[in-house]
Amino acid sequence: MTARVEVSGIGVELGGRRVVDDVSFAAKPGEVIGIVGPNGSGKSTLLRAMIGILTPAAGSVHIDGLDVAKTKARDRARVLAAVLQDATGDFDLTVQDVVMMGRACYKKAFERDDDRDRTVVADALRAVGAVDLRDRRFAFLSGGERQRVLIARAIAQQPRVLVMDEPTNHLDLRHQFDALALPRKLGVTAVIALHDLNLAAHYCDQLLVLHHGRQVRSGTPEEVLNSETLAEVYGVAAAVTPHPVTGRPHITLDPTHQAETGQPPRSWPVPGRDYLMEKESP
Numbered sequence: 001m002t003a004r005v006e007v008s009g010i011g012v013e014l015g016g017r018r019v020v021d022d023v024s025f026a027a028k029p030g031e032v033i034g035i036v037g038p039n040g041s042g043k044s045t046l047l048r049a050m051i052g053i054l055t056p057a058a059g060s061v062h063i064d065g066l067d068v069a070k071t072k073a074r075d076r077a078r079v080l081a082a083v084l085q086d087a088t089g090d091f092d093l094t095v096q097d098v099v100m101m102g103r104a105c106y107k108k109a110f111e112r113d114d115d116r117d118r119t120v121v122a123d124a125l126r127a128v129g130a131v132d133l134r135d136r137r138f139a140f141l142s143g144g145e146r147q148r149v150l151i152a153r154a155i156a157q158q159p160r161v162l163v164m165d166e167p168t169n170h171l172d173l174r175h176q177f178d179a180l181a182l183p184r185k186l187g188v189t190a191v192i193a194l195h196d197l198n199l200a201a202h203y204c205d206q207l208l209v210l211h212h213g214r215q216v217r218s219g220t221p222e223e224v225l226n227s228e229t230l231a232e233v234y235g236v237a238a239a240v241t242p243h244p245v246t247g248r249p250h251i252t253l254d255p256t257h258q259a260e261t262g263q264p265p266r267s268w269p270v271p272g273r274d275y276l277m278e279k280e281s282p
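The numbers in UniProt numbering rise by one with no breaks, and the one at position 12 of the sequence shown is 12.
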């Protein structure tokens, strides 16, 4: 099951400073929304306000008409699951037990796990390729293994909306792809903060660009990702061209050129034309 998400005029204040200001967007059922922007642009703060950890100074978040801020934590957890950046605590538990924590929102106090819970947990571990980790201690896992387990815990909640803050952190290439493909496989609506713009372009239906706490661009990856936006928001020079396989926007950065003028280089070197490939060197 999936859900519609509506974020309306969200503002968040921390330490007397407005760090997120008047952000609005909507996600249709099953849509994947990417939140992108430089460090300190407000991505994590926005997500924390969305899931009810932070209380917005302004605005609201609704999931299928349900006001997140006015919903009890247990009821909210049955609809909305989150994987946050700083959630990798040293639990003295097995992986199986950590993922089983995702079932807590369906239980009364001291209620035992049942066959249904065990099936859901097994499916969640299988979804992230972590079945072989089931009996290991969470505290002894690598960073990437922990991240996959925490994603599995969120899946075990069986949410309609999945919020993930930099879910590809610590993951190798294959598991990055797997993690970002999960929302569509699970059939859930997703809001994901990402630093890798090429991954965002490939896996997200819509992108929201934050800069200094405000949204400066929103739309499809094709509408949002261009040289001008990258120069303005990130201060880098880049060429944006269709990916040769997917056709989605693909960003090539020029690390030798800082976009002080907001303009990309006039031309880009082409292998074989402007320089020799390594294997062609005499």
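Backbone N, C-alpha and C fix where the C-beta goes; we use that ideal spot for every residue, glycine too. As the structure is a computational prediction, the values presented were derived from the model and not from experiment.
Residue closest to VAL32, alpha-carbon to alpha-carbon, out of VAL161, HIS175, GLY213 and VAL149: VAL32 has its Cα closest to that of VAL161, out of VAL161, HIS175, GLY213 and VAL149.
Residue 284 versus GLN215 - alpha carbon distance: An answer regarding residue 284 cannot be provided, because it is not within the stretch 1 to 282 covered by the chain.
Contact belief for HIS170 with GLN206 at Cβ below 8 Å, rounded distance in angstroms: For HIS170 against GLN206, the beta-carbon gap comes to about 26 Å, at or over 8 Å, which does not count as contact.
Buried or exposed (CB count within 10 angstroms, at least 16 for buried), ARG116: With fewer than 16 Cβ atoms within 10 Å of its Cβ, ARG116 is classed as exposed.
First and last residue of the uninterrupted alpha helix (DSSP H) at GLU145: 143-156
Extent of the continuous alpha helix (DSSP H) to which ARG184 belongs: 173-186
Start and end residues, beta strand (DSSP E) containing GLN215: 214-219
THR261 to ILE192 span [Cα, whole Å]: In this prediction, THR261 has a pLDDT of 47, which is less than 50 and means its spatial position is unreliable; what the coordinates show is noted afterwards. THR261 and ILE192: Cα-Cα distance of roughly 31 Å.
THR119 - DSSP class collapsed to helix/strand/coil: helix
Residues that DSSP places opposite residue 308 in a beta bridge: For the chain, the structure presents residues 1 to 282; residue 308 sits outside this window and is missing.
CB contact flag (ASP172, VAL83, <9 Å): no
Where ARG112 falls, given that 16 or more other Cβ within 10 Å makes a residue buried: exposed
Proximity of GLY42 and VAL68 at Cβ, strictly below 9 Å: no
Alpha carbon of residue 284 to alpha carbon of PHE91, nearest angstrom: Coverage of the chain is limited to positions 1 through 282, which leaves residue 284 absent and any answer about it impossible.
Cβ neighbour criterion (16 or more within 10 Å) applied to ALA26: exposed
Proximity of ARG153 and ALA124 at Cβ, strictly below 9 Å: yes
Where GLN96 falls: helix, strand or coil (DSSP): Note: GLN96 maps to helix in three-state DSSP.
Per-residue burial, PHE140 [other beta carbons within 10 Å of its own, 16 or more giving buried]: exposed
Burial state of ASP114, where buried means 16 or more other Cβ atoms lie within 10 Å: exposed
Residues that PHE25 bridges to, as DSSP identifies them: VAL7
Beta-carbon proximity list for ASP135, same chain, < 8 Å, skipping 5 on both sides: THR94, VAL95 and GLN96
Inter-residue spacing [alpha-carbon to alpha-carbon] between VAL128 and TYR106: 22 Å
Proximity of SER8 and GLY52 at Cβ, strictly below 9 Å: no
Residue(s) in a DSSP beta bridge with VAL12: VAL20
Contact under 9 Å by Cβ, LEU80 with LEU54: no
Residue of THR71, ILE35, THR246 and VAL5 minimising C-alpha distance to SER218: ILE35
Sequence-distant residues of its chain with Cβ nearer than 8 Å to ALA181 (five each side left out): TYR203
Option in ASN198, VAL131, LEU253 and PRO183 with minimal Cα separation from LYS245: As written in the sequence, residue 245 is Val, which differs from the Lys given in the question. When only C-alpha atoms are compared, the closest one is ASN198.
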